[in-house]
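Take a look at the structure below.
In this note's numbering, the protein residues as written are 129 to 270.
Here it is as structure tokens:
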């Protein structure tokens, strides 16, 4: 059986990477650090072993940030466009892959939400909101 590969990239495309397999963990994290880093209600991350990850292009454009008072959390981003990028957890045992940077389906779906006690106070589950396939229709002027 041939091993499948999933590729990802930053917004400008200067940084590209590849993962092979996963650790069967794909989750939404609502902690304040993930919210700050993503600028969103939560992070969507999946996890791979360092041996299942490789940079394809632009590794020199990647910068990492390691907060002093965290056990696992770190971040990485593209110097050109600022996009979130995969980062090695402080333990050195896991690569954290921001799912929004994937260019293909990783053959795994999110399975859990974590740190729900820290959800943004304005968070509303997306299933409760109107959905549009593109921009919503313009509202008539009053």
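Glycine included, C-beta positions come from ideal geometry on N, C-alpha and C.
Looking at the secondary structure, which residues open and close the alpha helix (DSSP H) in which residue i lies?
i           : result
residue 134 : No alpha helix (DSSP H) contains residue 134, which is instead part of the beta strand (DSSP E) from 133-137.
Would you mind working out which of the options sits nearest residue i, comparing C-alpha positions?
i           : options            : result
residue 198 : 159, 209, 260      : 159
residue 162 : 267, 265, 204, 268 : 204
residue 149 : 189, 223, 176, 239 : 176
residue 207 : 145, 254, 182, 187 : 187
Spell out the partners DSSP gives residue i in its beta bridges.
i           : result
residue 157 : 171, 242
residue 206 : 190
residue 151 : The partner list for residue 151 (beta bridge, DSSP) is empty, contrary to what the question assumes.
residue 212 : 205
residue 176 : 223
Beta strand (DSSP E) containing residue i: first to last residue?
i           : result
residue 184 : 181-185
residue 192 : 190-193
residue 148 : 144-148
residue 225 : 223-226
Can you tell me whether residue i is buried or exposed? The criterion is at least 16 other CB atoms within 10 Å of its CB, across all chains shown.
i           : result
residue 156 : buried
residue 180 : buried
residue 220 : exposed
residue 129 : Because the pLDDT at residue 129 is just 42, under 50, the model does not fix this residue reliably, and the value given afterwards should be weighed accordingly. Answer is exposed; the Cβ neighbour count stays below 16.
How about the stretch 166-185 and the stretch 222-230: do they share at least three Cβ pairs that are nearer than 8 angstroms? yes
Pair every Cβ in the stretch 133-147 with every Cβ in the stretch 228-243, then say whether three or more of these pairs are closer than 8 angstroms. Note that the stretch 133-147 touches the stretch 228-243; at least 3 beta-carbon pairs, one per stretch, sit closer than 8 angstroms.
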